[in-house]
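Asker:
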Amino acid sequence: MRSSTVYSYLGLMAGAATALPSALKSRQATGAQNVVYWGQNGGGTVENNDLSTYCSSTAGIDIIVLSFLYQWGTGSEIPSGTIGQSCTISTSGEGQNCDNLTAAITTCQSAGVKVILSLGGATASYSLSSQAEAESIGEYLWQAYGKSGNSTVARPFGDVVIDGFDFDIEVNRGSEFYPAMISTLRTSFASDPSKAYYITGAPQCPIPEPNMGVIIGNATFDYLWPQFYNNNNYTYPCALPVNGNAAFNYDDWVEWTAGTPSKDAQIFIGVPAAPLAANGAPTGETYYATPAQLADIVADKKTNDRFGGVMLWSAGFSDSNVNNGCNFAQEVRSILDTGAPC
Numbered sequence: 001m002r003s004s005t006v007y008s009y010l011g012l013m014a015g016a017a018t019a020l021p022s023a024l025k026s027r028q029a030t031g032a033q034n035v036v037y038w039g040q041n042g043g044g045t046v047e048n049n050d051l052s053t054y055c056s057s058t059a060g061i062d063i064i065v066l067s068f069l070y071q072w073g074t075g076s077e078i079p080s081g082t083i084g085q086s087c088t089i090s091t092s093g094e095g096q097n098c099d100n101l102t103a104a105i106t107t108c109q110s111a112g113v114k115v116i117l118s119l120g121g122a123t124a125s126y127s128l129s130s131q132a133e134a135e136s137i138g139e140y141l142w143q144a145y146g147k148s149g150n151s152t153v154a155r156p157f158g159d160v161v162i163d164g165f166d167f168d169i170e171v172n173r174g175s176e177f178y179p180a181m182i183s184t185l186r187t188s189f190a191s192d193p194s195k196a197y198y199i200t201g202a203p204q205c206p207i208p209e210p211n212m213g214v215i216i217g218n219a220t221f222d223y224l225w226p227q228f229y230n231n232n233n234y235t236y237p238c239a240l241p242v243n244g245n246a247a248f249n250y251d252d253w254v255e256w257t258a259g260t261p262s263k264d265a266q267i268f269i270g271v272p273a274a275p276l277a278a279n280g281a282p283t284g285e286t287y288y289a290t291p292a293q294l295a296d297i298v299a300d301k302k303t304n305d306r307f308g309g310v311m312l313w314s315a316g317f318s319d320s321n322v323n324n325g326c327n328f329a330q331e332v333r334s335i336l337d338t339g340a341p342c
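What follows is the structure in structure tokens.
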């Protein structure tokens, strides 16, 4: 997503999430949500391979985004990829070594944490060539990960039904066809009124957005978390308001999307969870906001009616960034609930 290569780090383990001080409030106390990507990192960082450790009340996380399915198109209508250090989704749709992840998803959902499956990331192994292909992939995703009842399609997570799909599209090949995929998914969502499903997106922060602009302009998203990092070199640069970086254009996102089908989408602040998180290298430190800096940024935007919360890239980087007994995700939880870091 944010580094140039998708990493799997098979067999590696990271430490468990740091315990949150008991004085902090529980999940979703303020309505603003804390979103964390889990499964890929970069820069030699890994997450705890037990997803459920991020779903306790002390973890402070509301939404976990599983990353990534990153290969589809060019004749393949079955998205494949690697999620975490163990679970691989093959090009035939079969899940390999995914049982532990499946059990953890159930634990997380039972704890009230939404689990979203992400498509894309910073790899060039995906594209769309037609509306028909987009619709076919959308239908497949529902059959494989939704509540479809289709027993002929491989289901990597068994009977587990995920809470929605995230689009982190970082190439523009066939971008005009993704609205058809999203429309197909939304039609499928409507077939199961017993559960709320979500379409989320992780666009780059420049406006016009180079890869997802046409998608957002023609499809309905529930949550959008622009990446306010790694974008200093675009024609219209943007970044968090730290370190003398480019303009922080959060308000522009609210204004622009107001004229799109996503006019009601909540807009999150997408941030790196550690100094190296933006691109996995020291050059990315310029994009990092400390907890104190992030608290000021959130304070300035939280009164906006469409403020959704904060998105973090990623779980492994958050675990590596511990201050005052809190990892970065827990710092964000404290900021959202109390206005101040741990």
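When we follow UniProt numbering, the leftmost residue of the sequence shown carries the number 1, and every step to the right adds one. From the three backbone atoms N, C-alpha and C, an ideal C-beta is built for every residue, glycine too.
(1) Please work out which residues of its chain come closer than 7 Å, Cβ to Cβ, to N97, disregarding the five sequence neighbours upstream and downstream, and give them in chain order.
(2) Out of T286, S136 and P179, state which residue places its alpha-carbon closest to the alpha-carbon of N232.
(3) What first and last residue would you give for the beta strand (DSSP E) that runs through I267?
(4) Check the DSSP bridge columns for C326 and list the partner residues they point to.
(5) At what residues does the alpha helix (DSSP H) containing G121 begin and finish?
(6) For the stretch 209 to 216 and the stretch 297 to 306, state whether three or more C-beta atom pairs, one from each stretch, are separated by less than 8 Å.
(7) Compare the beta carbon distance of I335 and V298 with 8 Å and say whether it is the shorter of the two.
(8) Quick one: is P208 buried, meaning 16 or more other Cβ sit within 10 Å of its Cβ, or exposed?
(9) Can you name, in chain order, every residue of its own chain whose Cβ lies under 6 Å from the Cβ of F307, other than the five neighbours on each side?
(10) I'd like the ranges of any alpha helix (DSSP H) spanning at least 4 consecutive residues and lying wholly in the stretch 53 to 118.
(11) Given Y223, which residues of its chain have a CB within under 7 Å of its CB, disregarding the five upstream and five downstream residues?
(12) Quick one: what's got a C-beta closer than 6 Å to V332's C-beta in the same chain, skipping five residues either side?
(13) Using alpha carbons as the reference points, say which of S80, G31, I162 and E176 lies closest to A196.
(14) Please identify the residue among V153, F177 and N279 whose C-alpha is closest to the C-alpha of G93.
(15) Could you check where the alpha helix (DSSP H) with T200 kicks off and where it finishes?
(16) Is the distance from the Cβ of I63 to the Cβ of I105 below 8 Å?
(17) Assuming contact is defined by CB atoms lying nearer than 8 Å, are S320 and A329 in contact in what I supplied?
(18) Would you decide whether P282 is buried or exposed? Buried here means 16 or more other CB atoms lie within 10 Å of its CB.
(19) Mind the definition here: the stretch 228 to 248 touches the stretch 174 to 185 only if three or more C-beta pairs lie below 8 Å; say whether that holds.
(20) Measuring alpha carbon to alpha carbon, tell me which of I169, T235 and D159 ends up nearest D99.
(21) Taking contact to mean at least 3 C-beta pairs separated by less than 8 Å, is the stretch 177 to 191 in contact with the stretch 130 to 150?
(22) Helix or strand or just coil, what does DSSP make of W253?
(23) If I follow the unbroken alpha helix (DSSP H) through G138, where does it start and stop?
(24) Going by the CB atoms, is the gap between W225 and G259 shorter than 8 Å?
(25) From W253, S67, G339 and F157, pick the residue whose C-alpha is nearest to that of T107; which is it?
(26) If you drop the 5 nearest sequence neighbours on each side, which residues of the same chain put their C-beta closer than 7 Å to that of G316?
(27) Could you give the first and the last residue of the continuous beta strand (DSSP E) run that contains D166?
(28) Along the chain, where does the alpha helix (DSSP H) that runs through A189 open and close?
(29) Taking the C-alpha atoms as reference points, what is the distance between G73 and P203?
(30) Cβ atoms of E170 and A111: under 8 Å apart, would you say?
(31) Buried or exposed: where does S194 fall if 16 or more other Cβ atoms within 10 Å of its Cβ makes it buried?
(32) Going by DSSP, which residues form a beta bridge with Q40?
(33) Leaving out five residues before and five after I137 in sequence, what residues of the same chain have Cβ atoms less than 7 Å from its Cβ?
(34) Can you check whether the CB of P291 is closer than 8 Å to the CB of N323?
Answerer: This is what the structure gives:
(1) In the sequence shown, the residue the question calls residue 97 occupies position 97. Leaving aside the five residues that flank N97 on each side, the residues in its chain whose CB is nearer than 7 Å to its CB run, in chain order, S86, C87 and T88.
(2) The residue given as residue 232 occupies position 232 in the sequence shown. It is T286 whose Cα lies nearest to the Cα of N232.
(3) In the sequence shown, residue 267 corresponds to position 267, counting from 1. I267 -> beta strand (DSSP E) spans Q266 to P272.
(4) As a position in the sequence shown, residue 326 is number 326, starting the count at 1. The partner list for C326 (beta bridge, DSSP) reads N323.
(5) One-based indexing of the sequence shown puts residue 121 at position 121. Per DSSP, G121 belongs to no alpha helix (DSSP H); it is in the beta strand (DSSP E), K114 to G121.
(6) Look at the beta carbons and you see the stretch 209 to 216 not touching the stretch 297 to 306: under three pairs across the two are nearer than 8 Å.
(7) For the purposes of this step, residue 335 is taken as residue 335 along the sequence shown, with counting starting at 1. For the purposes of this step, residue 298 is taken as residue 298 along the sequence shown, with counting starting at 1. It is a contact, given that the beta carbons lie within the stated cut-off.
(8) Working through the sequence shown from its first residue, we reach residue 208 at position 208. Exposed, by the Cβ-count rule.
(9) Here residue 307 is taken as the residue at index 307 of the sequence shown, counted from 1. Answer for F307: K301, listed in chain order.
(10) Listed in chain order, they are 99 to 110.
(11) Within the sequence shown, numbered from 1, the residue matching residue 223 stands at position 223. Here the set comprises Y198, T200, A265, Q266, F268 and G308.
(12) On the sequence shown, position 332 is the one that residue 332 refers to. Counting only Cβ-Cβ distances below 6 Å, and skipping sequence neighbours, we find N34 and V310.
(13) Stepping through the sequence shown from its first residue, residue 196 is reached at position 196. Checking every option, the nearest Cα to that of A196 belongs to I162.
(14) Stepping through the sequence shown from its first residue, residue 93 is reached at position 93. The option with the nearest alpha carbon to G93 is V153.
(15) Here residue 200 refers to the residue found at position 200 of the sequence shown. Where T200 is concerned, there is no enclosing alpha helix (DSSP H), although the beta strand (DSSP E) it sits in stretches over Y198 to G201.
(16) For the purposes of this step, residue 63 is identified with residue 63 of the sequence shown, where counting begins at 1. For the purposes of this step, residue 105 is identified with residue 105 of the sequence shown, where counting begins at 1. One thing to note: I63 has its Cβ no nearer than 8 Å to the Cβ of I105.
(17) Your numbering for residue 320 matches position 320 in the sequence shown. Your numbering for residue 329 matches position 329 in the sequence shown. Not a contact, by the Cβ cut-off of 8 Å.
(18) The residue you call residue 282 lines up with position 282 of the sequence shown. Within a 10 Å sphere around the beta-carbon of P282 sit fewer than 16 other beta-carbons, which makes this residue exposed.
(19) The answer is no - the stretch 174 to 185 does not touch the stretch 228 to 248, with fewer than three Cβ pairs under 8 Å.
(20) Here residue 99 refers to the residue found at position 99 of the sequence shown. Distance from the Cα of D99 is smallest, within the candidate group I169, T235 and D159, for D159.
(21) Three or more Cβ pairs drawn from the stretch 177 to 191 and the stretch 130 to 150 lie within less than 8 Å of each other, which places the two stretches in contact.
(22) By one-based count along the sequence shown, residue 253 stands at place 253. Note: W253 maps to helix in three-state DSSP.
(23) As a position in the sequence shown, residue 138 is number 138, starting the count at 1. For G138, the uninterrupted alpha helix (DSSP H) run begins and ends at Q131 to Y145, by DSSP.
(24) By one-based count along the sequence shown, residue 259 stands at place 259. By one-based count along the sequence shown, residue 225 stands at place 225. Taking 8 Å as the Cβ cut-off, G259 and W225 do not qualify as a contacting pair.
(25) The sequence position of residue 107 within the sequence shown is 107, counting from 1. When only C-alpha atoms are compared, the closest one is F157.
(26) Against the sequence shown, residue 316 aligns to sequence position 316. Residues of the same chain with a CB within less than 7 Å of the CB of G316, apart from the 5 flanking positions on each side, are A14, N41, T45, V46 and E47 in chain order.
(27) Within the sequence shown, residue 166 is the residue found at index 166, counting from 1. Per DSSP, D166 belongs to the beta strand (DSSP E) from G164 to I169.
(28) Working through the sequence shown from its first residue, we reach residue 189 at position 189. This sequence places Phe at residue 189; Ala is not what is there. Start and end: Y178 to F189.
(29) Start at 1 with the first residue of the sequence shown, and residue 73 comes out as number 73. Start at 1 with the first residue of the sequence shown, and residue 203 comes out as number 203. Approximately 20 Å between the Cα atoms of the pair.
(30) Locating residue 111 in the sequence shown gives position 111, where the first residue counts as 1. Locating residue 170 in the sequence shown gives position 170, where the first residue counts as 1. Taking C-beta atoms as the reference points, A111 and E170 fail to come closer than 8 Å.
(31) As a working mapping, residue 194 is identified with position 194 in the sequence shown. Using a 10 angstroms sphere on the CB of S194, the tally of other CB atoms stays under 16, which defines it as exposed.
(32) Counting from 1 along the sequence shown, the entry for residue 40 is found at position 40. None, per the DSSP bridge assignment.
(33) Sequence index remark: in the sequence shown, residue 137 carries index 137 (1-based). Answer for I137: W72, E77, P79 and M181, listed in chain order.
(34) In the sequence shown, counting from the first residue as 1, residue 323 sits at position 323. In the sequence shown, counting from the first residue as 1, residue 291 sits at position 291. Cβ distance < 8 Å, so N323 and P291 count as in contact.
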